[in-house]
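*Asks:* One structure follows; several queries about it will come next.
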Amino acid sequence: MTDPLALDPILAPLERSRPAFNDDDLSHDERFAAFEAHVLAGGKVEATDWMPDEYRTAVLRFVEMHANSELMGVLPEREWLMRAPTLRRKLALTAKVQDEVGHAQLLYRVAEDLGKPREAMFDDLLAGKTKFHNVFHYPTVGWADVGMIAWLVDAAAIVAQQALRDSSYAPYARTMRKICWEESVHIMHGRDVVVTMATGTAAQRAAIQDALDRWWGPLMQMHGPRSPREKDRDLHWRIKAKTSEELRQEFLSIYVPRIRELGLVIPDGALAWDGAIDAWRYGEPDWDELRTVVTNHGPMSQSRLDFRRVNREETRWVRETILGVAVAA
Amino acid sequence: MTDTPPELQPWEVFRQEKDGDPMRHGGSVMAPDAELAVHYARELFGRRQESVRLWVVRRVDVLDLSDPDLLQPPLDRSYKKPGGYVMRDKLAAARAQSGQAKPKARPG
């Protein structure tokens, strides 16, 4: 019989001791170094692993913003549930709204495990201390907006979300796989709405062009201003994988041809593929508008937050019932 | 109120996509009791008919073993794996010795 102890170790210590940073006996600096090496080498982090404060807060901030956006993102669409043009559209939109709230639930769960209670996250959202995505601060003036949001806003989001399936924070990466799968259905629903209107009456075609005209600016701002890769701590920790400009370019490459296929005109005269730099050129997005909107000064920011404040009060009895406690009003 | 309020706690959810598949970890829910935990699990992991079975387990009841000294010991365990037996060169030598051709994947 082979004595296992007589065999030569074939794995180097670093390879085998994956959670070296979990070792209580190491100093903080040693743990930090081991953790950083692990993450930079493509390693994954679980909720139960030790992690530096910088990493924990960075993941928390990222996931919390994402959760807030899912929660607030249903409000523009919710307004059209009772006005959907057919029963099938109404069912699809209801399912989408339900999915997005479900995504918020899943993401708040990921954030909770990092140490911030859900109630504290709602407090911060409603107090304006944390943010939600720019695109959900605008009004939905017609049914065409519902199609535009479900197709292009979700498409721009999924470009970013697909890159998060490889996040170093494993619970987030796993959740993103489920979310991306559901989002792909939303995009098909939205595209179907847009294609139907684009091939409909003159009034429907005008409505969908009008919606594109209004949503294009926010869409181009959505991924954020260009920033150098080496300065981005979220990239350093591999919480996300792509820069804002990479995401925007990817979105343009996939969706500009699909928008033009429908005979729609993108309201940016500077938009063109430049083979010399192998990238899209486009008119500079209005970054002042982005800053104004995400700090809750957008056209619908306060009314959407007010809706949530009222909703939170109106559903207080549910939480009290579930927890069996009298919460002071 | 004198009753101790039930506390929210995490429950891990495992789901089976179709009959015969392994149970896979899907995520977790927060709930004060088993009944609501199952209800939330159904809402979040079975709403789209994407599961045929769910297992809902209190997180504190999950026994975690991830000690690399036990699971990834620094020893050559290749003799336990099919890939640990590489005979290409030896078989070539055997054929040279026997004068036989390399067998086809399937006879005939």
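Residue numbers (this note's numbering), protein chains in the order written: chain A, 2 to 330; chain B, 5 to 112. All C-beta atoms, glycine included, are put in the ideal place defined by N, C-alpha and C.
(1) Kindly indicate if chain A contains any beta-carbon less than 8 angstroms away from that of Leu40(B).
(2) Tell me whether Ala329(A) sits in a helix, a strand or coil according to DSSP, three-state version.
(3) Under DSSP, the alpha helix (DSSP H) around Pro172(A) begins and ends at which residues?
(4) Quick one: using the 10 Å Cβ neighbour count with 16 as the cut-off for buried, is Met91(B) buried or exposed?
(5) Go to Arg261(A), then tell me how far its alpha helix (DSSP H) extends in each direction, as first and last residue.
(6) Mind pulling the chain A residues with CB within less than 7 angstroms of Pro10(B)?
(7) Name the residue from His29(B), Glu11(B) and Ser102(B) whose alpha carbon lies nearest to the alpha carbon of Leu48(B).
(8) Could you tell me which whole beta strand (DSSP E) segments of length 3 or greater appear in the region 15-67 of chain B?
(9) Using a Cβ-Cβ distance cut-off of 8 angstroms, determine whether Leu74(B) contacts chain A.
(10) Quick one: Cα of Ala199(A) to Cα of Val46(A), how far?
(11) Could you say if the region 29-40 of chain A and the region 96-104 of chain A meet the contact criterion of at least three C-beta pairs nearer than 8 angstroms?
(12) Gly31(B) touches chain A at which residues, Cβ-Cβ below 9 angstroms?
(13) Where do the N-terminal and C-terminal ends of the alpha helix (DSSP H) with Asp73(B) fall, by residue?
(14) For Leu12(A) and chain B, any beta-carbon pair shorter than 8 angstroms?
(15) Starting from Gly103(A), find everything on chain B with Cβ-Cβ shorter than 8 angstroms and list it in chain order.
(16) Just to confirm my understanding: we take Gly116(A), look at its own chain, exclude 5 residues before and 5 after, and list those with CB closer than 8 angstroms. What are they?
(17) So if I threshold CB-CB distances at 8 angstroms, which residues from the region 45-65 of chain A count as touching chain B?
(18) Straight-line CA distance for Gly284(A) to Ser245(A)?
(19) Please list, in chain order, all residues of the same chain as Gln250(A) whose beta carbon is under 8 angstroms from its beta carbon, the five residues on each side excluded.
(20) Using the C-alpha atoms, what's the distance from Glu31(A) back to Val136(A)?
(21) Taking Cβ-Cβ distances shorter than 8 angstroms, what residues in chain A pair up with Met34(B)?
(22) Using a Cβ-Cβ cut-off of 6 angstroms (strictly less than) and excluding sequence neighbours within five positions of Ser70(A), which residues of its own chain qualify?
(23) For Asn1(A), does the count of other Cβ atoms within 10 angstroms reach 16, so buried, or fall short, so exposed?
(24) I want to see whether chain A comes within less than 8 angstroms of Trp15(B), judged by CB atoms only; does it?
(25) Output needed in chain order: residues of the region 59-83 of chain B with a Cβ under 9 angstroms from some Cβ in chain A.
(26) Using only the alpha-carbon positions, how far apart do Arg230(A) and Arg84(A) sit?
(27) To which residues of the same chain is Met177(A) closer than 6 angstroms at the C-beta, ignoring the five residues directly before and after it?
(28) Please classify Asp275(A): does DSSP put it in a helix, a strand, or coil?
(29) What does the alpha-carbon distance come out to for the pair Leu253(A) and Gly325(A)?
(30) Quick one: which unbroken alpha helix (DSSP H) runs of 4-plus residues sit fully inside the region 55-137 of chain A? Chain order, please.
(31) Does the region 293-309 of chain A touch the region 19-26 of chain B, meaning 3 or more C-beta pairs lie closer than 8 angstroms?
(32) Can at least three beta-carbon pairs, one atom from the region 137-157 of chain A and one from the region 185-199 of chain A, be found at a separation below 8 angstroms?
(33) Using a Cβ-Cβ cut-off of 6 angstroms (strictly less than) and excluding sequence neighbours within five positions of Arg225(A), which residues of its own chain qualify?
(34) Where do the N-terminal and C-terminal ends of the beta strand (DSSP E) with Trp338(A) fall, by residue?
*Replies:* Reading from the atomic positions:
(1) yes
(2) Here the model assigns Ala329(A) a pLDDT of 48, short of 50, so the residue's position is not dependable, and the following value carries that caveat. Coil at Ala329(A), not helix or strand.
(3) Ala171 to Ala199
(4) exposed
(5) Ser245 to Glu262
(6) Leu324 and Gly325
(7) His29(B)
(8) 28-35 and 57-62
(9) no
(10) 46 angstroms
(11) no
(12) Leu107, Arg110, Val111, Pro172, Arg175, Thr176 and Lys179
(13) Pro72 to Leu75
(14) With a pLDDT of 45 at Leu12(A), under the threshold of 50, the modelled position of this residue cannot be trusted; read the value that follows with caution. Chain B, which has a Cβ nearer than 8 angstroms to the Cβ of Leu12(A), makes this yes.
(15) Glu47, Leu48 and Arg51
(16) Arg57 and Leu61
(17) Thr49
(18) 16 angstroms
(19) Ala280 and Trp281
(20) 42 angstroms
(21) Arg110, Glu113 and Arg119
(22) Phe133 and His134
(23) There is no way to answer for residue 1(A), as the model of chain A reaches only from 2 to 330.
(24) no
(25) Asp68, Ser70, Asp71, Pro72, Asp73, Gln76, Pro77, Pro78, Leu79, Asp80, Arg81, Ser82 and Tyr83
(26) 44 angstroms
(27) Gln162, Leu165 and Arg166
(28) strand
(29) 51 angstroms
(30) 88-113 and 119-127
(31) no
(32) yes
(33) Reading off the sequence shown, one finds Gly at residue 225(A), where the question assumed Arg. Closer than 6 angstroms at the Cβ level, and outside the excluded window around Gly225(A), lie Ser245.
(34) Because chain A spans 2 through 330 in this model, residue 338(A) falls outside it and cannot be assessed.
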